[in-house]
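In order, the protein sequence lines correspond to chains D and P.
Mapping of the first sequence onto the working numbering: residues 1 to 354, in sequence order.
Mapping of the second sequence onto the working numbering: residues 1001 to 1354, in sequence order.
Every residue, glycine too, gets a C-beta built ideally from N, C-alpha and C.
What you are looking at is a predicted structure, and each value in this text was computed from that prediction instead of being measured.
There are 2 protein chains.
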Amino acid sequence: MPRVTLQTIADRLGVSRATVSYAFSRPDQLSEGLRQRILQVADELGYAGPNPTARSLRLGRAGALGLIFSETLAYAFADPYAIGFFQGLATAAEDAGVGLLILPLPHGDRRSETVRDAVVDAFCVMSLPDGHPALAEVLARKLPVVIVDEPYAEGHPFVGTDEPAAGADAARHVLELGHRRLGVVMAGLHEDGHSGWAGRERQEGAVFAAMRARLGGYRRACEEAGLGWDEVPFYEVARNSREAGRRAGHALLGRRPRPTAILANTDVLALGVLDAAADLGLEVPGELSVVGFSDSAAEEAGLTTIHQAKQEMGETAGRLLLAGAGAGPERLIFPHRLVVRASTAPPPAGLGTP
Amino acid sequence: MPRVTLQTIADRLGVSRATVSYAFSRPDQLSEGLRQRILQVADELGYAGPNPTARSLRLGRAGALGLIFSETLAYAFADPYAIGFFQGLATAAEDAGVGLLILPLPHGDRRSETVRDAVVDAFCVMSLPDGHPALAEVLARKLPVVIVDEPYAEGHPFVGTDEPAAGADAARHVLELGHRRLGVVMAGLHEDGHSGWAGRERQEGAVFAAMRARLGGYRRACEEAGLGWDEVPFYEVARNSREAGRRAGHALLGRRPRPTAILANTDVLALGVLDAAADLGLEVPGELSVVGFSDSAAEEAGLTTIHQAKQEMGETAGRLLLAGAGAGPERLIFPHRLVVRASTAPPPAGLGTP
DNA sequence: TCCTCCTTCTTAATCAATTAAGACCTTAAT
DNA sequence: ATTAAGGTCTTAATTGATTAAGAAGGAGGA
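This is the structure we're talking about:
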């Protein structure tokens, strides 16, 4: 079966290609009778309608927003924070009648033309590590771009959180409750798959800028409270999963003196820490306080966390992109908020502020 | 700033357009020296690389898989079953180096050209109600298609579950435990936003075919156990949310005689029913048994449910689509499995099988 | 009768690439 | 010296549409 195009139909009816095009896209440009005949012949020939790619080329618009994410798609869909953001982005796309093209980045160093070949009108870049080649590929496309959370790139529209302040708020909360023995667990610092205790070097060398900044916030709050950062055990995990959080929880809670408060990088991790506490028969918040981050899986578990306006961030990013490049290099920092629930309380008697 | 195309660069260097094209896509077709000069000029002129749309047109492939979903995107991202499926689909897309284009369907009857204009190589249609116009629009595109779960359309590749059997398995489980007083809550039967008790008519007239079939499974098991279907209170909810499940739970548990077992259409709904039981101080599974569906949010809650191979279904759908239309009208029914956890047990003494 | 205005359709330029086939020149072998 | 083979670049066809401008014809008014 040969391809059926506008021309096929035109030839069959002895009219010009333009006429057939008008029959589909501008009914008022031709007589109703001819239009009906065209539509009928199109149907008989099994014409699938004007080719979208050709249309796209001619009209100069793709009708889609590209979304770049550092993790595999499967992983992205498993992260509640990301999903919240996607929901917002999707809402904006929906309102504008454009699609959302999720672009897989090959995980190894397998070269890919994904970004180069993506048929999109704009790109949303989310959570890429410092120096990830995909950012350069995106910028090379010279389309409107907005970067979400990381990496920090001068001169490009950005949507994110005041990470140092948010991190400090989380830490300050338990410090003000009187805790002096903190522990920290973070996911998403590096891409090398390493899990375990992390010293100064791995902390400061984290390739995900937002997490590095968040960590800086934790640290500043501790130091301002007179707590030496080196006294705070720091556990790094490769994956943001509940199970990883549990293992980290066991590591942290196995230390002597045992921490009375644990700060987790994400809610999912925090839930894992709660699992570990349950394994050990530790009462939360009586014997252990836990703080999460993002308010993405926290409510039902009664987790104290930092709330982020994920959906609004997504919607805003979407609207920025759809408004085109004219918007200029805006830098939108969304407000966060400490949400105190049932996972934090003052430390057990005798273990708090002297 | 005028557009920079291959031709611009060709003119600047006094070479042909073809040569410039080769410089980008087939380096072995020209001397390294010229190639470098071309690349340099391209850089100087701010050339963004070969236009993907034009490329797509010429090559006859879009590099994307279209995904159609009946709900708004925001809602789709909130449904764990859908997310599981997406993960699988995304994995397949990732492996093939193509993107996943999520297409918003306008919710009202606002006409849209989304499907007609989507630049994709194939479509995955998921959970559309009977007679939804989007299916016709998709079929009109004459691209490879696979339908997931619903609607049932003869002659098109299908990926789904044996819903009648799965529904029956869920019901039979509690019936075999000895329960005689059942209650049912289901989401996703209609699109009219109605919540409340649903009689024969609304049950049999459900526009979502898979849910209709699942319901039929519940019913058959009951009747085979000698239980009249009309004796089983049936509550329908408009949205698949935990909160809706809770309200339905209160309605069902407010009846006298009170049901000793409740079958829920989805895990999310089942969690809501558990909330309602907790509100009423009912012990689960001592005083009430609850069965969910999909095994999407069930594990941590200890919920008995029907496990579905969401991810494999997604991966398979993706591979079918990427293999092209040659695959023929396959009909793949994935196995399901009753997973018994801590939310089901025999009914309280005296309330079970005579 | 002549002019104007519509309606309906056609002409042809344009969107931005890819690629088979051919032309031209150099090198090496016979 | 002749021929074949390679390497390098060009020509031109092709992908499938959109749309401004123009042409042809008929209707209506002066």
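- Along the stretch 211-283 of chain D, the beta strand (DSSP E) occurs as fully enclosed runs of 3 or more residues at 234-237, 261-264, listed in sequence order.
- In this structure, the CA atom of Arg1220/P is about 58 Å from the CA atom of Ala168/D.
- Residue environment: Gln87/D is assigned as buried (16 or more neighbouring CB atoms within 10 Å of its CB, all protein chains considered).
- The DSSP-derived three-state label of Leu1135/P is helix.
- Each of Val1115/P, Leu1067/P, Leu1288/P was checked against the Cα of Gly1099/P, and the nearest Cα belongs to Leu1067/P.
- In the structure shown, Leu1175/P adopts helical secondary structure according to DSSP, grouped into three states.
- For Ser241/D, the nearest beta carbon of chain P is not closer than 8 Å to its own beta carbon.
- Between the alpha carbons of Gln29/D and Arg37/D lies a gap of roughly 15 Å.
- By the beta-carbon neighbour count (other beta carbons within 10 angstroms, threshold 16), Gly131/D is exposed.
- Judged by DSSP in its simplified three-state form, Arg1003/P adopts coil rather than helix or strand.
- Scanning Thr1304/P, Leu1175/P, Leu1045/P for the CA closest to the CA of Thr1008/P turns up Leu1045/P.
- The contact set of Lys1142/P on chain D, defined by CB atoms closer than 8 Å, consists of Gly46, Ala48 in chain order.
- Annotation: Cβ neighbours of Gln1087/P in chain D (cutoff 8 Å, chain order): Leu73, Ala74, Phe77, Ala78.
- When C-beta distances to chain D are compared with 7 Å, every residue of the stretch 1275-1302 of chain P stays at or above that value.
- Look at the beta carbons and you see the stretch 291-303 of chain D not touching the stretch 112-131 of chain D: under three pairs across the two are nearer than 8 Å.
- Membership of Leu128/D in any beta strand (DSSP E) is not indicated, and neither H nor E is assigned to it by DSSP.
- A Cβ-Cβ distance of about 7 Å is found for the pair Ala1244/P and Ala1187/P, placing them in contact under the 8 Å criterion.
- The C-alpha of Ala198/D is placed about 27 Å away from the C-alpha of Gly281/D.
- Nearest to Arg1239/P by C-alpha distance, out of Ala1264/P, Gly1217/P, Glu1224/P, Ala1018/P, is Ala1264/P.
- Counting of Cβ neighbours within 10 angstroms places Ser25/D among the exposed residues, the total staying below 16.
- Within the same chain, and ignoring the five residues on either side of Val1339/P in sequence, the residues whose Cβ sits closer than 8 Å to its Cβ are Asp1295, Ala1298, Thr1304, Thr1305, Ile1306, His1307.
- DSSP places Gly1352/P in the strand class (E or B) of the three-state scheme.
- The three-state secondary structure of Gly1060/P, taken from DSSP, is coil.
- In terms of Cβ geometry, Ser1343/P and Val1290/P form a close pair [threshold 8 Å].
- Closest in alpha carbon position to Asp1192/P, among Asp1230/P, Glu1071/P, Gly1324/P, is Glu1071/P.
- In this chain, the beta strand (DSSP E) harbouring Ser1289/P covers 1289-1291.
- Residue-level contact by beta carbon holds for Pro52/D and chain P, with a gap shorter than 8 Å.
- Nearest CB-CB separation between Leu101/D and chain P: below the 8 Å threshold.
- Restricting attention to Phe234/D, Arg3/D, Val41/D, the CA atom closest to the CA of Gly14/D is found in Val41/D.
- Excluding five sequence positions before and after Ser1056/P, the CB atoms of its chain that fall closer than 6 Å to its own CB belong to Ala1062, given in chain order.
- Counting C-beta pairs with one atom in each stretch, the stretch 1247-1254 of chain P and the stretch 1216-1232 of chain P have fewer than three that are closer than 8 Å, which means they do not touch.
- DSSP places Gly1183/P inside the beta strand (DSSP E), whose first and last residues are 1182-1187.
- By the rule that beta-carbons nearer than 8 Å mark a contact, Ser56/D touches chain P.
- The C-beta of Ile262/D has 16 or more other C-beta atoms within 10 Å across all chains shown, which makes the residue buried.
- Listed in chain order, the non-local C-beta contacts of Glu1137/P below 7 Å within the same chain comprise Val1115, Arg1116, local neighbours out to five positions each way being set aside.
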